[in-house]
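So the structure is just underneath, and the comments pick up after that.
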Amino acid sequence: MTRADRPTRVGHADPRDVNRLTADLAAVGVRAGQDLLVHCSMRRIGPVVGGPATLLAALRRVAGPDATVVVPAHTVGNSTTGPAFRAATSGLNAAGRAAYEAGLTGFDPATTPSEGMGILAEYVRQQPDAARSGHPITSFAALGRRAVEFTEIHDLDCHLGERSPLGNLFTAGAAVLLLGVGYARCTALHLAEYRPEARRPAGPPPERMYRCYVLVGGRRERRDFRAPLLDASDFPEIGAAMEACLPVGRGLVGAAPSRLLDLRVAVDFATTWMAGHRRP
Numbered sequence: 012m013t014r015a016d017r018p019t020r021v022g023h024a025d026p027r028d029v030n031r032l033t034a035d036l037a038a039v040g041v042r043a044g045q046d047l048l049v050h051c052s053m054r055r056i057g058p059v060v061g062g063p064a065t066l067l068a069a070l071r072r073v074a075g076p077d078a079t080v081v082v083p084a085h086t087v088g089n090s091t092t093g094p095a096f097r098a099a100t101s102g103l104n105a106a107g108r109a110a111y112e113a114g115l116t117g118f119d120p121a122t123t124p125s126e127g128m129g130i131l132a133e134y135v136r137q138q139p140d141a142a143r144s145g146h147p148i149t150s151f152a153a154l155g156r157r158a159v160e161f162t163e164i165h166d167l168d169c170h171l172g173e174r175s176p177l178g179n180l181f182t183a184g185a186a187v188l189l190l191g192v193g194y195a196r197c198t199a200l201h202l203a204e205y206r207p208e209a210r211r212p213a214g215p216p217p218e219r220m221y222r223c224y225v226l227v228g229g230r231r232e233r234r235d236f237r238a239p240l241l242d243a244s245d246f247p248e249i250g251a252a253m254e255a256c257l258p259v260g261r262g263l264v265g266a267a268p269s270r271l272l273d274l275r276v277a278v279d280f281a282t283t284w285m286a287g288h289r290r291p
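Each residue of the sequence shown is one higher than the one before, counting from 12 in the numbering used here.
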């Protein structure tokens, strides 16, 4: 049994400090100068002295001052065409749905909290020197030398494609760090769905209309746009195939089974996998 396969000890009585987390991250394979896209479950890591601040300090200590830490800062509840809105308005009549929509706060990258991305992601977003991309549904936040560069482009009709922070991270040769979460949360794999070579034999991904709200000069404005309908349902299968074929760093960070993978290699692998396995 490898260290990564040992049972997670939720609620372990020995809180992790920055030194222990630093050692764990280095053992998984995080190296100096490595830009990181981090998906994290602090609950799976277990008790940490100082919480997300300590984990971020450990990440920055291992990756060093030249590295940039990027996290998802999505706001899925801001869309009236997503599952969060459907769940919140289930059972309401047309008037009730309209009233709920009228209460949606417009997205402001400087102040709008992320939703469901975990406490590390929200902690990173709130740092004074953090940069955040401007997409009202699928933004990313970043800290470090290339934070502005990685987040400055995020087209409205490109949730997770080439003209999003994922495209910049791919070009930069960043790594993906999954801390206590599985491949279903590996946002980078969505980048493969945008590539023409991933669409055979399934053809191009279907598109749909999206609606959300933004704040412009303090005024709430509606945005309607068409973009691909993305599908993460087979990401765990893609992840298993990657681990069978590619070098993937593995280990425990705290009590959390964790993975480190080259983002570019992972996206290229997923592109080929989708072309051979997805069906029309």
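Ideal placement from N, C-alpha and C gives every residue a C-beta, glycine not left out.
Handout entry: A243 in three-state terms, based on DSSP
Key = When DSSP states are grouped into helix, strand and coil, A243 belongs to the coil group.
Practice task
Mark A132 as exposed unless 16 or more other C-beta atoms lie within 10 angstroms of its C-beta, in which case mark it buried.
Solution key: Counting the other Cβ atoms within 10 Å of the Cβ of A132 gives 16 or more, which makes it buried.
Exercise for the section: Look at A95 and D168 and say whether their C-beta atoms are less than 8 Å apart. Expected result: Not a contact, by the Cβ cut-off of 8 Å.
Practice task
Between the Cα of E112 and those of D273, L188 and N89, spot the shortest distance and give me the residue it belongs to.
Solution key: With distances taken between Cα atoms, E112 lies closest to N89.
Exercise for the section: Count the C-beta pairs between the region 65 to 77 and the region 29 to 39 that are closer than 8 Å, then say yes if the count reaches three, no if not. Expected result: Yes, the region 65 to 77 is in contact with the region 29 to 39.
Exercise for the section: Decide if R27 is buried, meaning its Cβ has at least 16 other Cβ atoms within 10 Å, or exposed. Expected result: Buried is the call here.
Handout entry: Buried or exposed (CB count within 10 angstroms, at least 16 for buried), N179
Key = With a threshold of 16 other beta carbon atoms within 10 Å, N179 meets it and is buried.
Handout entry: Outcome for G102 when other beta-carbon atoms lying within 10 angstroms are tallied against a minimum of 16
Key = Burial check for G102: the Cβ neighbour count within 10 Å stays below 16, so the residue is exposed.
Handout entry: 8 Å Cβ shell around R17 - same chain, five flanking residues per side excluded
Key = For R17, the predicted structure reports a pLDDT of 44, less than 50, and the residue's modelled location is therefore unreliable. The matter cannot be settled from this model.
Practice task
Inspect the CB distances between the region 275 to 283 and the region 247 to 259 and report whether three or more fall short of 8 Å.
Solution key: The region 275 to 283, when compared against the region 247 to 259, does touch it at the 8 Å Cβ threshold.
Exercise for the section: State yes or no: is the C-beta of F118 within less than 8 Å of the C-beta of P139? Expected result: No, the Cβ-Cβ distance between F118 and P139 is not below 8 Å.
Problem - Opening and closing residue of the alpha helix (DSSP H) in which L263 lies - result: Where L263 is concerned, there is no enclosing alpha helix (DSSP H), although the beta strand (DSSP E) it sits in stretches over G260 to V264.
Handout entry: CA nearest to the CA of G75, picked from L272, F246 and R157
Key = Here the closest residue by C-alpha is R157.
Problem - Whole-angstrom distance between R136 and A64, CA atom to CA atom - result: So the alpha carbons of these two residues sit roughly 12 Å apart.
Handout entry: N- and C-terminal bounds of the beta strand (DSSP E) containing F151
Key = Start and end: F151 to G155.
Practice task
Kindly indicate which three-state DSSP category H85 falls into: helix, strand or coil?
Solution key: Three-state DSSP puts H85 in coil, outside helix and strand.
Exercise for the section: Note down, in chain order, each residue of its chain lying with its Cβ closer than 6 Å to the Cβ of A267, except the 5 sequence neighbours on either side. Expected result: For A267, where only same-chain residues beyond five positions count, the Cβ hits under 6 Å are R55, I56, L190 and G191.
Handout entry: Span of the beta strand (DSSP E), counted from its first residue to its last, around H170
Key = That residue, H170, is in no beta strand (DSSP E); it is neither H nor E in DSSP.
Exercise for the section: Keeping to the same chain, check which residues put their C-beta closer than 6 Å to that of T100; ignore five residues upstream and five downstream. Expected result: Contacts found: R108 and Y111.
Problem - Chain-order list of residues whose beta-carbon lies under 7 Å from that of L115 (same chain, five-residue window excluded) - result: N89 and Y224, listed in sequence order.
Handout entry: Cα-Cα separation, A24 to A105
Key = Residue confidence for A24 is low, a pLDDT of 47 falling below 50, so the modelled location carries little weight; the figure read from the coordinates is stated next. In this structure, the CA atom of A24 is about 51 Å from the CA atom of A105.
Exercise for the section: Please state if the CB of V82 and the CB of V29 are separated by a distance shorter than 8 Å. Expected result: In this structure, V82 does not lie closer than 8 Å to V29 by Cβ.
Problem - Cβ separation of L241 and E204, assumed to be a contact under 8 Å, to the nearest whole Å - result: Contact between L241 and E204 holds: their C-beta atoms lie close to 6 Å from each other, under 8 Å.
Practice task
Going by DSSP, name the residue or residues bridged to H50.
Solution key: Note: H50 sits in a beta bridge opposite L189.
Problem - Segment limits, alpha helix (DSSP H) that includes S112 - result: Correcting the residue identity first, residue 112 is Glu in this sequence and not Ser. Element bounds for E112: A105 to A113.
Practice task
Express the C-alpha separation of R230 and R270 in angstroms, rounding to a whole number.
Solution key: Take the alpha-carbon of R270 and the one of R230: they are about 42 Å apart.
Exercise for the section: Could you spell out where the alpha helix (DSSP H) holding M128 opens and where it closes? Expected result: That residue, M128, is in no alpha helix (DSSP H); it is neither H nor E in DSSP.
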